[in-house]
Each structure stands twice: as C-alpha cells, then as structure tokens.
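Enquirer: Residue numbers (this note's numbering), protein chains in the order written: chain A, 1 to 516; chain B, 1 to 516. Backbone N, C-alpha and C fix where the C-beta goes; we use that ideal spot for every residue, glycine too.
In structure tokens, the structure reads:
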C-alpha cells in the first residue's frame, strides 16, 4: 500500500495505472520501489516495453499510481543502474536493453513440457533447449551480469581500432592470435592470475569449449586417450571431451577439491580441473591437495588441464593462484572473457605446456585459421587501458549483492537447503541432503541452524528443476553434472539477475518445491 | 635538399626534398604524379611515414620538389582514394592506413632466403610464412581491396547494434548462427547467387576453411572417405580436407572446368568444386559440364561441395548461377565475406543438403559453440541495409581497373606469358607454356600475338617465385596448387594492390624472370 488513504473497495483500483495495468494493491508492504522496478523489468523482459520505447515521466506515473515521486525515481534509478533504461534529457527515460531473464530468443522449444527439458541423460543440445525455454526468471549458472557489458567502452575501443589498423590487419590473420592481444593477455594473467607467460606462449581461441576441441588431436598425438574429470563436474566440458573420442574417468570431489589419491588410483595421465572454484560445488582446491596434485604431475608425468573459468570473481576469500603459476611444464591453462565480459564474444586463451604449443596453433589453423581480428584488437585495448579491470571491479560489487540476495532468500524460502561454494564465482549449489556445506541460515551468519529435512526424499533433482520451470524459474539440476549418483541438488546462478529477480526466483523456487 | 639556390651540377639535386629524400630526377617522363604517389605509398608501407603522421602541405612539397602543385594534389588524391591518407581541414593530410603490400606483421620470417619460402611440397604453414615475408609489392592471390573496407559503415552498424541488442544477446549464442544473419544471408544468396534457401537452411561458420573442417565428421558419418578435387585446385582447401583424414582424388580441369568424365571414372562419391571461377585457372564450369555434373550427382548419389569463393566479382561476363540453385538436394554450398569485406572477419556460411544440416550444427557446437554474436549482427545490418551491395559495386570498379593494369603490364613486361581466367575474380594465372588461354596481348585486344617462348624451359615455378621475391614481388607458384605436374606458372592477385603497384610489380616480375 502506498500510504494514501483508501476508501471503499473501488478505491484501490483508482490507484492503478493504464500503463502496464500496474496496481499498487499488488505491492508488498514497504517495498514499493522494489515492486515497481520488478514490474517494469518484467514488462521489458517479455516485450511489452520494447527496446527504444519510453517510460512515462516520473511525475506522471507517480500521479497515476498515487505514490510519491521518489518511489518512481528510485525504481527508474535501479533499472538505469542495471542497464535496462537510460535517461535522455528531453527524450525522457528510454528502454535500451532487455534483461537476460526472459530476453528474446528462439521460442520454439517453449512449447515443450518442463519435464522434457530435464532429461536424466542430457544430450549436447540440452543447454540450448533449456536456454530457449521461456521463464520469467533465469537462475541457470554460467553468465555474468550481461546488462553491465561496457557497450560504450567497447564502441570507443572499436572506433580507435578501426581508425588505426592497417589494410594488412584486415587480411588473413595469425592462427596463433593477434600479437597485441597475446601481449595484453600475458599482462592480464600476470596481474590477475599470477601467471608469468611470454606473449608467444599464449594462443588465442574461441573460448574454453574450443580449447578442449583443439586439444583432442594434441592429446591423442601425445598418447593421451583418457582424461580424468571431477565428479561432480561440468556436463558441457565432459561432452566436449567425449565428442573428441576421449575416455572420461570420474574422480570424486570433496570440500577440498578433487581427491588426488583417487586420481592417482585411476592411472589416468591427464586431468581436467577447475581448481579456483570447482564447478559446480564451488570447492577450492586446498593447499595440501595442490601439492599432492603437482607431485602427481611431476613424478608421474601427469598433465593438468586447468579450466580457470571464473577465477576473477571472488568475494569472501583471498585470491587463489592458478596451478599454471606453480608448474608451467605440466599445466595447460585455459581462460576466456565469457565470465568477464560476455560469452557472445567467443574469445579465450590457452597457455599450453611448451611442448604443446605448435600443435595447438596448428589445430587452430585447421579449425578456423584463427580468431577474427577486430574483436581481438578491441579486447587488447580494453585490457591495456585498464577498462577491463574497472569492469571487473564493477561486476564484483554487483555480483556480491546478488549473491547476498540469493543466500538471504534461500535462508527464508529454502531453509533446509545446504549451500555450497558461495565465496566466489557466479553461482552456488544447493543440496537437500543436509550433509556437508552450510545451510543458508549459517551462511548468512545466523549460526548453526537445525538442518531441517527439506522433505525431498525420493525425488530426483531433474523433477525439482521441472517443477521450478513450471513456476517460471529456470535452474539446472545438479545430477546433470554428476557421473556417479549423489544427493539431489540444484545449481543456481545469481550473477546475471537483478537482486530483486534473484529473491523472487528463490521465493518461487521454494513454492515450487513445497508445492510438488 | 630544399629550395635554396644551387649552382651547376648540384642543380638537379636542388629539385629534391628533405621529406623522404624525394628526387624528381628519379621520376619517369610524364608520370610525375604516379611516381610521387608510388614513393609515398612505399614510405607508408615500410613505416617511414607512420599511421597518424602528417604529409607536408601540397604547396610546400610542390615548392621543394619544384613541381606544379597539381602534381602533389593528384598524388595525394590517389592515396586518399586508396584509403591510405585522409584530408582533415586544419589537420592537413594524415596517414590513416598502411598499404597491404608491405604492412606490419611478423617479420621474423623475413630473415629467410626467398627459395626457402617456396618449397615444392608446401606444408600447412606455407601461406603464413609467405605472408610474413617482407616484399615491396604483394601479388599473392586471395585478397580483395582491403583499403576499401567500409570502416565508417561498419562502425555505424556496430553502434546501432550495441544500442539495440538485449543483454540476452550477449549470452551463449546459437551454434546454428544468429537468426538475423541467417535471414540476411538467405536474402543475399537469393539476390546475388540465385539460391532459394530458408534462413533455417543457412549455417553460420567462421569461413570456408572452417566449413570444410566441420564437414569432416559429417562426411565420414555419411560414409564418404574420399573427396575428388580439381587439379589444379586450391592448395589450402586440399590441406584442410587431408587434415580431416579424407583421401584426395585429383580430377583434371580444362577450359570448361572440371572433366566430369574423369570424375565419374574415379568412383569418388563427393567432389569439391569452384564452379563460378575455378581456382586457380579461372575457368567457368560450362553449361554442358554442369548438366553432366548434376546427372552424376542425381544418378549416382554424388555430393558436390561448392566453394563459391569469389563469385560476386565479375567484369566481362554474365553472372554464373550457383550449382546449389539447380540441385539443392546434392549440393553443399559454401561462401564467406573474406573476398567481399575482409578475411580478418572470419564469417562465412554453409547451405548444406537438408540431411546434413543438424550434423553440421552439431559439429559447429563442438568446435566453438557458434560464431561471435556482435559481428554477426553488424554484418546482418550491412546486408539488409544495402551497404554490402554498395561496397561490392565499389570493389568491382576498383578491381576491374587493377585487373586491367595487370593485363596491360603483362602484355608489356611478360609478353610471352599466357593469361588465364581474367574475366572475373581477384586474381589471374599466367603460364609460360604458350598453350591454352590467351596471351596478355590478346587479352587487351591487341589481336593474336606470336606466342613467344618466355625462355623459361627447364625452370620450376617455385624458382620463378623465389626470383620474384628477391626483386621484392610476392607471387604464388602455380605448382603449389597442382597435384599432377604441368607447365610452370604463377598465380597473381591484383585486387589488393593499387594499379600503380600492380604495374610496378609486373615490371619487377618481368625483370626478375629475365634476370635469372
């Protein structure tokens, strides 16, 4: 309620607005600006407010809704901060970008039933099918805040690059990568990941998925036919390895990261790891495990494929240096801008062990003759000018607020869920086994809570995810990322959604799970 | 020297300039503006005039050189038209882009001897090594006029795209390609190549080289283990097929294109063709051969891989429709922007036979999860707005003048050479066998000339190419593109170089061949 006096039951309808049929009667007590921002965001997401369209002047909307003008101003301010609208003096407030939550995209798959979206044995197209499913809130993991993408800085850098490049730069490029970007990445890795690499050691690729595909022939030529992977571990990564004909050997993960004793027992010569923030559990590879792993690599000639997918995003813990920084000879390091800027850019880098470099460049040559040149030069500029570091600082602040919102909402709406890996990254994992990790109540500092059974015995997490989608919330089942069975869980991304959406998403999720 | 009075023998030197140590005494009679433009271009190419640097005011340079101001104005105008300099009112005339002829690039290979650049059995890195070799004039084939790249239009389109795209567009894209670009390509192919394809039939890839790599698993799954190729035919294409483990079956090419009777005799189930402008001979697949080929495909279940690499560039002949326009079921069509805009963009498209589409998209997914999104949206805009067609018309006019300059120069400096395939494309081929094709004298309408033996018996064309490089001109030996031996020849690209450079390059080439 908005504080204005109400009369009869008709009275409350008078406080509504033709614009989006907003009715302040729907707003929760005290959260008027939140509510308004949320409704506007929803309307932008589902296309009722189109990009390029104009919001009503604050004065007008406040009058229609019979709320103070400050409420509307605050709601617009949040959308502006979020990158969805932009104030333009005389042009008013204009919609400039739809939220990722329910943005445009192929909708054909939307006809499918939620249960069909979550097969227990997902194929390679599972992520695209899920991405295309309509939902009002998307809490799938793997995306940073895309509304924060530095469009203006990107365009400025592109203008500078187009002004400076020579005609020769527009010809066939170098499959190794543009020298300017290799220099910039070497500098970035030195500053941010403790890795000392010569620009010639860096190979530019189209993201980590491509890095894995390029490594197939290189690994095979080196006699590596099987790769150990973390279990649970990324489904997408595993699919990419298997597609190259490599055998997959699961190795269990615990709170200290991969179990190196179990790795040693498999006899595998190579292992794919996410040591800085294990996907999906969020565990950090402990110091003892690191030393053990490096002994495994040095003594037994083991090879570590280090997937450093979201290492730059951390909140409550000191930075974790890359394994590559400790043992260059046996570590093949992979990183990308997918979590720093946007996956749509398709730019990443590999710092392979010295003996692999030429073979990797050759594989890149045959795959696509090298990454496109303009985006490489633009990115090099953003890295060299400090703009990318500035962007990372901005993202960290935003992501932290979103994570905090998620943990608070889990404590409220999923009180028995156990939260894993929330100290860093773009996602967290919840399980419903009541074992390991902390409950959300503990994570927010509410002290050891009674670990209430979530009442989910006998239910699979694919069923949970389908139930959530029926309520308009998209999440990933933890079992997708498991090779061996384990307790049910959900992988929840918070970074790409506004805190209000995160909170609302978890509320709906709680309702979905209780309502099954 | 400047304009200070000089005495006797010093007099001619007095017409020189401190700026670049220009001496009009070096200029050929009557060609003063040509000469000056040439010297300036050379200085930009080798870095003496850096990008961002300023040329002297026309009045000042004319006075120093003691030439009319019109000569300097004309030379500056040519460089401006060429995209190397730009007039900026008070800022004067500023260098904005180095010519591709000797642009910046990895120079390490420049230490190599010319002969090392031209092995008789070139490996996959041969093109990069040659590209990195310094030369004052680059007549290697495969590039359009890169100085004409529409930088301003590209930037405008990018600004519009960045202003309009949603946050969701910045997430993981569709491996099939962005819908907007698939629509735009379908329209482009309908307008320019006579192909009727649904946007869903179009798969966006990172150029033709990637298209071939993506086809490997698709072909293998279809039981195709060998691919027939044109002989002579593109070395790069062949290397990409072989890298995928496919066997190569050479089929001879004559003036009517591939010999379909010979193709039939090989028993191969698939053939890779360049029907619109055969690489490197420039032959057009004749009507009779097309019908024969389509019978081969329909009756025998043959598959045609159509590499339509430079079909949009034609000068003295009507357009040749794509084979795909005639037989969709058995033709896998491949095109790209490499010859329309720039290879550095790494964007191309495949219109596969219906049964191959899903497998191709799957291969693309595993290779890189799909092309980068921003450049796809920018390109879609340039195609839909008509800017790309405008650019193509501009290129055609420029390329035709460059081709004419090359044919005229060959007539003068390589009178016995036989010219092949000059009616279209970005390159022509010369042979020194005196058989087939026309001599350059005939090509420029000088009537049937006596086919003088070029005096090159017993010399390999890799030796010719090495001799040319010693004189500062980069060309490709025809034998690189041959599977079976044949007369020596050179493949000469004209599209990427200014007419003056083309003329000078052919002059130097003539000197190199005579001087061996």
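At the level of alpha carbons, what is the spacing between residue 78 (chain B) and residue 342 (chain B)?
Expert: When rounded, the distance between both Cα atoms is 22 Å.
Enquirer: When the Cα atoms are used, what is the spatial distance from residue 218 (chain B) to residue 198 (chain B)?
Expert: Cα-Cα distance, rounded: 21 Å.
Enquirer: For the beta strand (DSSP E) holding residue 333 (chain A), just list the boundary residues, first then last.
Expert: Looking at the DSSP string, the run of the beta strand (DSSP E) that includes residue 333 (chain A) is 331–336.
Enquirer: Curious, which full-length beta strand (DSSP E) runs of at least 3 residues does the segment 165–251 of chain A contain?
Expert: As far as the segment 165–251 of chain A is concerned, its whole beta strand (DSSP E) runs of at least 3 residues are 203–205, 226–231.
Enquirer: Over what stretch of residues does the alpha helix (DSSP H) that includes residue 62 (chain A) continue unbroken?
Expert: Note, residue 62 (chain A): alpha helix (DSSP H), 58–65.
Enquirer: Identify the continuous alpha helix (DSSP H) that holds residue 500 (chain B) and give its terminal residues.
Expert: It spans 499–514 - the alpha helix (DSSP H) in which residue 500 (chain B) sits, taken as one unbroken run.
Enquirer: Spell out a yes or no on whether the segment 157–168 of chain A and the segment 145–154 of chain B are touching, meaning 3 or more CB-CB pairs, one atom from each, closer than 8 Å.
Expert: The answer is yes - the segment 145–154 of chain B touches the segment 157–168 of chain A, with three or more Cβ pairs under 8 Å.
Enquirer: Using alpha carbons as the reference points, say which of A:316, A:297, A:320, A:299 lies closest to residue 308 (chain A).
Expert: With distances taken between Cα atoms, residue 308 (chain A) lies closest to A:320.
Enquirer: Taking DSSP as the reference, what is the three-state secondary structure of residue 339 (chain A)?
Expert: Looking at residue 339 (chain A) - three-state DSSP - the assignment turns out to be coil, as it is neither helix nor strand.
Enquirer: Do the CB positions of residue 514 (chain A) and residue 371 (chain B) come within less than 8 Å of each other?
Expert: Cβ distance not < 8 Å, so residue 514 (chain A) and residue 371 (chain B) don't count as in contact.
Enquirer: Quick check for students: name the residue ranges of the beta strand (DSSP E) that lie wholly in the segment 268–326 of chain A, counting only runs of 3 or more.
Expert: Those beta strand (DSSP E) runs which fall completely within the segment 268–326 of chain A and span 3+ residues are 270–273, 303–307.
Enquirer: Would you mind telling me which residues of chain A sit closer than 9 Å to residue 368 (chain B), beta carbon to beta carbon, in chain order?
Expert: Result: 205, 206, 207, 209, 210, 213, 346, 367, 368.
Enquirer: At a Cβ threshold of 8 Å, is residue 384 (chain A) touching chain B?
Expert: Answer no: the Cβ-Cβ gap between residue 384 (chain A) and chain B never drops below 8 Å.
Enquirer: What does DSSP give as the partner residues of residue 413 (chain B) in its beta bridges?
Expert: Paired residues: none, contrary to the question.
Enquirer: Going by DSSP, which residues form a beta bridge with residue 423 (chain B)?
Expert: Per DSSP, none; premise fails for residue 423 (chain B).
Enquirer: Residue 362 (chain B) touches chain A at which residues, Cβ-Cβ below 7 Å?
Expert: Residues of chain A passing the Cβ test: 124.
Enquirer: Buried or exposed: where does residue 479 (chain A) fall if 16 or more other Cβ atoms within 10 Å of its Cβ makes it buried?
Expert: Counting Cβ neighbours within 10 Å, residue 479 (chain A) comes out buried, since at least 16 surround it.
Enquirer: Taking 8 Å as the CB-CB limit, is residue 167 (chain A) close to chain B?
Expert: Closer than 8 Å: yes.
Enquirer: Thinking C-beta only, is residue 211 (chain B) closer than 8 Å to residue 202 (chain B)?
Expert: No, Cβ-Cβ distance for residue 202 (chain B) and residue 211 (chain B) is not below 8 Å.
Enquirer: With a threshold of 8 Å between beta-carbons, can residue 42 (chain B) be considered close to chain A, or not?
Expert: No, no contact with chain A.
Enquirer: Per the DSSP calculation, residue 429 (chain A) is bridged to which residue(s)?
Expert: Per DSSP, A:420, A:491.
Enquirer: Within this structure, are the beta carbons of residue 181 (chain B) and residue 376 (chain B) separated by less than 8 Å?
Expert: Yes, Cβ-Cβ distance for residue 181 (chain B) and residue 376 (chain B) is below 8 Å.
Enquirer: Between the alpha carbons of residue 81 (chain A) and residue 400 (chain A), how many angstroms are there, rounded?
Expert: In a straight line, the C-alpha of residue 81 (chain A) is about 15 Å away from that of residue 400 (chain A).
Enquirer: Leaving out five residues on either side along the sequence, give the residues of the same chain with a beta carbon under 7 Å from the beta carbon of residue 169 (chain A).
Expert: Here the set comprises 373.
Enquirer: If we cut at 8 Å on Cβ distances, does residue 149 (chain B) have a partner in chain A?
Expert: Taking Cβ atoms only, chain A reaches closer than 8 Å to residue 149 (chain B), which makes this a yes.
Enquirer: Give me the chain B residues within the contact set of residue 76 (chain A), using Cβ-Cβ distance strictly less than 7 Å, ordered along the chain.
Expert: The premise fails here: residue 76 (chain A) is roughly 18 Å from chain B at the closest Cβ pair, so nothing lies under 7 Å.
Enquirer: In this structure, does DSSP put residue 96 (chain A) in helix, strand or coil?
Expert: If DSSP states are grouped into helix, strand and coil, residue 96 (chain A) belongs with coil.
Enquirer: At which residues does the alpha helix (DSSP H) containing residue 90 (chain A) begin and terminate?
Expert: That residue, residue 90 (chain A), is in no alpha helix (DSSP H); it is neither H nor E in DSSP.
Enquirer: My output table needs one value for residue 25 (chain B): the three-state DSSP class, helix, strand or coil.
Expert: Three-state DSSP puts residue 25 (chain B) in a helix.
Enquirer: Along the segment 466–498 of chain B, what residues have a CB closer than 7 Å to any CB found in chain A?
Expert: Residues: none.
Enquirer: Would you mind reading off the limits of the beta strand (DSSP E) that contains residue 349 (chain A)?
Expert: Segment 348–351, the beta strand (DSSP E) holding residue 349 (chain A).
Enquirer: Taking 8 Å as the cut-off, does the segment 126–143 of chain A touch the segment 490–500 of chain A (at least 3 CB pairs, one atom from each stretch)?
Expert: With a cut-off of 8 Å, the segment 126–143 of chain A and the segment 490–500 of chain A count as touching, because enough Cβ pairs lie within range.
Enquirer: Which residues does DSSP pair with residue 254 (chain B) in a beta bridge?
Expert: Residue 254 (chain B) is bridged to B:257.
Enquirer: For the alpha helix (DSSP H) containing residue 356 (chain A), name the first residue and the last one.
Expert: Careful: residue 356 (chain A) lies outside any alpha helix (DSSP H) and carries neither H nor E.
Enquirer: Cβ of residue 109 (chain B) less than 8 Å from any chain A Cβ?
Expert: With a pLDDT of 39 at residue 109 (chain B), under the threshold of 50, the modelled position of this residue cannot be trusted, and the question is left open.
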